[in-house]
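Chemist:
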Amino acid sequence: MERLDRFMARASAAYYANHDPFRDFTTSPEISQVFGEIPGLWTAVTWELIGRPDPVLLVELGPGRGTLIADALRAIGAVAPAFRAALRLHLVESSPRLRAIQARRLKEGTWHDVLDTVPPGPLLLLANEFLDALPIRQFVRRKDCWMERFVSAGRFVEVEAQPPPPAPLWQGEGEGVVVEFNEAGLALASSVAARCVTHPGAALLLDYGPEASAPGDSLQALRAGHPADPLAAPGTADLTAHVDFAALTRIARDAGAAVWGPVPQGMFLAHLGLFQRTDRLARGQPPARAAALIEAARRLAEPNRMGRLFKALAVGSPGIPPPPGFEA
Ligand code: SAH
Numbered sequence: 002m003e004r005l006d007r008f009m010a011r012a013s014a015a016y017y018a019n020h021d022p023f024r025d026f027t028t029s030p031e032i033s034q035v036f037g038e039i040p041g042l043w044t045a046v047t048w049e050l051i052g053r054p055d056p057v058l059l060v061e062l063g064p065g066r067g068t069l070i071a072d073a074l075r076a077i078g079a080v081a082p083a084f085r086a087a088l089r090l091h092l093v094e095s096s097p098r099l100r101a102i103q104a105r106r107l108k109e110g111t112w113h114d115v116l117d118t119v120p121p122g123p124l125l126l127l128a129n130e131f132l133d134a135l136p137i138r139q140f141v142r143r144k145d146c147w148m149e150r151f152v153s154a155g156r157f158v159e160v161e162a163q164p165p166p167p168a169p170l171w172q173g174e175g176e177g178v179v180v181e182f183n184e185a186g187l188a189l190a191s192s193v194a195a196r197c198v199t200h201p202g203a204a205l206l207l208d209y210g211p212e213a214s215a216p217g218d219s220l221q222a223l224r225a226g227h228p229a230d231p232l233a234a235p236g237t238a239d240l241t242a243h244v245d246f247a248a249l250t251r252i253a254r255d256a257g258a259a260v261w262g263p264v265p266q267g268m269f270l271a272h273l274g275l276f277q278r279t280d281r282l283a284r285g286q287p288p289a290r291a292a293a294l295i296e297a298a299r300r301l302a303e304p305n306r307m308g309r310l311f312k313a314l315a316v317g318s319p320g321i322p323p324p325p326g327f328e329a
């Protein structure tokens, strides 16, 4: 018997070590190059807002195939040479397999298993669909108590537990309601926030989940693009859960950082020029290629596709102006 988060950590490590995850699901940077260019330019503008520290760490959490950061670096190089020269790339990646793919793609950077080993200093941090891959705990409300979900032989078993944090939020839940707790994600947000308090810095977190903390079992498994049983055959499917943006906001503010958003991904991208840039790229392309570029941008931004459930949240040093896309 294993607590759900430990099961998920083990299953995900096996999955990312042995699979090409991008056969099972498609992430935004793989849909359009503009999805990486926008965060790249976001870091370039935000670098100005935090006082142009030189050197500055550019950190990405969970770079996948390295597509987002490669597109970001190309955009930065084209428009912000001073920032390009000042940045030192650090990548947090636990999968040796994906590290090798990233290294072939990037030709620069220092790799880390965890954020803790990234040296202290001014930083700009990006993470896309990273927090949703971190292990979660789940609690179930039963008549007189809370139970926590463990996994045994492919099924959930419930063990009596303390109330899930933050307890005041979950007082009125009825019989059988599930609430989730992303302990690792919150610890990470707290340490990113703490870094922004001790040094100039900002982070852009892109992920999927509701704006307000909401009960419900959001654990999902994708195997070869199709929903699958998350507890069956550990290590063969991509496991994710909704990110609780309200909880991230609370923990980053508690650590003393400023927080902006979340704003829906579609609004964030459209505000920062997704469609203008896409039109530029489409111009002069054969009609089928131009149509595919525009379709990709719409997939990222339309509310009933990836535009609303996916969100952008920014965390930064207290006192800096709102970063691009988060102006009032
Ligand atoms: N950001 C990429 C990939 C998202 S998939 C994209 O948008 O395409 C999640 C990424 O996080 C993968 O690179 C995976 O190997 C990495 N990852 C997952 N859990 C991790 C952990 N606990 N520590 C470090 N990296 C992790």
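Residues are numbered in our numbering as their position in the sequence shown, beginning at 1, plus a constant of 1. Note that beta-carbon positions come from the ideal geometry of N, C-alpha and C, so glycine has one too. Bear in mind the structure is a predicted one, so any value in this text is a computation, not a measurement.
1) Which of helix, strand or coil does DSSP assign to P228?
2) On a CA-only basis, which of L90, Q172, L69 and S29 is nearest D341? Give me that one, please.
3) Within the same chain, show all residues whose beta-carbon is closer than 6 Å to that of L132, passing over the 5 residues directly before and after it, in chain order.
4) Please classify E61: does DSSP put it in a helix, a strand, or coil?
5) How about P235: is its Cβ closer than 6 Å to a heavy atom in the ligand SAH?
6) For L127, I'd like the list of residues in its chain whose CB is within less than 6 Å of its CB, leaving aside the five on either flank, ordered along the chain.
7) Cα separation between S95 and W112?
8) Identify the continuous beta strand (DSSP E) that holds H272 and give its terminal residues.
9) For A203, name the three-state secondary structure that DSSP assigns.
10) Let me know the alpha helix (DSSP H) ranges lying completely inside the segment 242-325, each 4 residues or longer, listed in chain order.
11) Can you tell which of V260, P30 and A101 has the C-alpha that lies nearest to the C-alpha of L275?
12) Cα separation between A238 and E130?
13) Between A293, A291, I252 and G308, which lies nearest to H272 when the distance is taken from Cα to Cα?
14) Express the C-alpha separation of I321 and A229 in angstroms, rounding to a whole number.
15) Following a CB-centred definition, is S96 positioned closer than 6 Å to any heavy atom of the ligand SAH?
16) So, is G155 buried or exposed, given that buried needs 16 or more other C-beta atoms within 10 angstroms?
17) Output needed for G175: all residues of its chain with C-beta closer than 8 Å, excluding positions within five of it in sequence on either side, in chain order.
18) Quick check: the Cα distance between V180 and E212, rounded to an integer number of angstroms?
19) Give the range of the beta strand (DSSP E) segment to which A162 is assigned.
20) With DSSP run on the structure shown, which of helix, strand or coil describes M2?
21) Helix or strand or just coil, what does DSSP make of R66?
22) Please return the same chain residues whose Cβ sits closer than 6 Å to the Cβ of P201, not counting the five positions on each side in sequence.
23) May I ask you to report which of helix, strand or coil DSSP gives V80?
24) How is the alpha helix (DSSP H) around W43 delimited, first residue to last?
25) My assumption, with CB atoms under 8 Å, is that D21 sits in contact with I137. Please give the rounded CB distance.
26) Alpha carbon to alpha carbon, how far is K312 from P288?
27) Contact defined as beta carbons within less than 8 Å: I believe M2 pairs with S153. What is the distance between those atoms, to the nearest angstrom?
28) Helix or strand or just coil, what does DSSP make of R53?
29) Quick one: what does DSSP say A190 is sitting in, helix, strand or coil?
30) According to the Cβ coordinates, are A15 and G326 closer than 7 Å?
31) Do you know offhand how far W171's Cα is from Q286's?
32) With a 10 Å radius around its C-beta and 16 neighbouring C-beta atoms as the bar for buried, classify N19 as buried or exposed.
Modeler: Judging by the given coordinates:
1) Start at 1 with the first residue of the sequence shown, and residue 228 comes out as number 227. Three-state result, P228: strand.
2) Within the shown structure, residues of the chain are numbered from 2 to 329, placing residue 341 beyond reach of any answer.
3) By one-based count along the sequence shown, residue 132 stands at place 131. Closer than 6 Å at Cβ, skipping near neighbours: G186, D208 and V244.
4) In the sequence shown, counting from the first residue as 1, residue 61 sits at position 60. Three-state DSSP puts E61 in a strand.
5) Translated into the one-based positions of the sequence shown, residue 235 becomes position 234. The answer is no for P235.
6) The residue labelled residue 127 in the question sits at position 126 within the sequence shown. For L127, where only same-chain residues beyond five positions count, the Cβ hits under 6 Å are P40, E61 and L205.
7) As a first step, residue 95 is located in the sequence shown; it is residue number 94 there, counting from the start. As a first step, residue 112 is located in the sequence shown; it is residue number 111 there, counting from the start. Looking at the two C-alpha atoms, the distance is approximately 9 Å.
8) By 1-based counting over the sequence shown, the position of residue 272 is 271. Careful: H272 lies outside any beta strand (DSSP E), inside the alpha helix (DSSP H) at Q266 to H272.
9) For the purposes of this step, residue 203 is taken as residue 202 along the sequence shown, with counting starting at 1. The DSSP-derived three-state label of A203 is strand.
10) Those alpha helix (DSSP H) runs which fall completely within the segment 242-325 and span 4+ residues are 246-255, 266-272, 275-283 and 288-302.
11) Your numbering for residue 275 matches position 274 in the sequence shown. Answer by Cα proximity: P30.
12) Taking the first residue of the sequence shown as 1, we reach residue 238 at position 237. Taking the first residue of the sequence shown as 1, we reach residue 130 at position 129. Computed Cα separation, rounded: 16 Å.
13) The residue you call residue 272 lines up with position 271 of the sequence shown. Nearest of A293, A291, I252 and G308 to H272, Cα basis: G308.
14) Counting from 1 along the sequence shown, the entry for residue 229 is found at position 228. Counting from 1 along the sequence shown, the entry for residue 321 is found at position 320. Distance between the alpha carbons of A229 and I321: 44 Å.
15) The sequence position of residue 96 within the sequence shown is 95, counting from 1. The answer is yes for S96.
16) Taking the sequence shown and counting its residues from 1, one reaches residue 155 at position 154. Counting Cβ neighbours within 10 Å, G155 comes out exposed, since fewer than 16 surround it.
17) Position 174 of the sequence shown, counting from 1, holds the residue named residue 175. Contacts found: R142.
18) In the sequence shown, residue 180 corresponds to position 179, counting from 1. In the sequence shown, residue 212 corresponds to position 211, counting from 1. Rounded to the nearest angstrom, the two C-alpha atoms are 15 Å apart.
19) For the purposes of this step, residue 162 is taken as residue 161 along the sequence shown, with counting starting at 1. Going by DSSP, A162 is part of the beta strand (DSSP E) stretching over R156 to A162.
20) Within the sequence shown, numbered from 1, the residue matching residue 2 stands at position 1. Here M2 sits in coil by DSSP.
21) Residue numbering aside, residue 66 sits at position 65 when the sequence shown is read from its first letter. Of the three classes helix, strand and coil, the one that applies to R66 here is coil, per DSSP.
22) If you number the sequence shown from 1, residue 201 lands on position 200. So the qualifying residues of the chain are I51, G52, P54, P123 and S318.
23) As a first step, residue 80 is located in the sequence shown; it is residue number 79 there, counting from the start. Helix at V80.
24) Position 42 of the sequence shown, counted from the first residue, corresponds to residue 43. Unbroken alpha helix (DSSP H) run through W43: V35 to L50.
25) In the sequence shown, the residue the question calls residue 21 occupies position 20. In the sequence shown, the residue the question calls residue 137 occupies position 136. Cβ-Cβ separation between D21 and I137: approximately 24 Å, too far for a contact (criterion under 8 Å).
26) As a first step, residue 312 is located in the sequence shown; it is residue number 311 there, counting from the start. As a first step, residue 288 is located in the sequence shown; it is residue number 287 there, counting from the start. Using only the alpha carbons, I get a separation of about 31 Å.
27) Start at 1 with the first residue of the sequence shown, and residue 2 comes out as number 1. Start at 1 with the first residue of the sequence shown, and residue 153 comes out as number 152. Going by Cβ atoms, the distance from M2 to S153 rounds to 4 Å, so yes, they are a contact pair.
28) Within the sequence shown, numbered from 1, the residue matching residue 53 stands at position 52. Per DSSP, reduced to three states, the secondary structure at R53 is coil, with no helix or strand assignment.
29) Looking up residue 190 in the sequence shown gives position 189. The answer is helix: DSSP assigns A190 an H, G or I state.
30) For the purposes of this step, residue 15 is taken as the residue at position 14 of the sequence shown. For the purposes of this step, residue 326 is taken as the residue at position 325 of the sequence shown. Between A15 and G326, the C-beta spacing is not below 7 Å.
31) Counting from one through the sequence shown, the residue named residue 171 turns up at place 170. Counting from one through the sequence shown, the residue named residue 286 turns up at place 285. Between W171 and Q286, the C-alpha separation is close to 53 Å.
32) Locating residue 19 in the sequence shown gives position 18, counting from the first residue. N19 should be labelled exposed.
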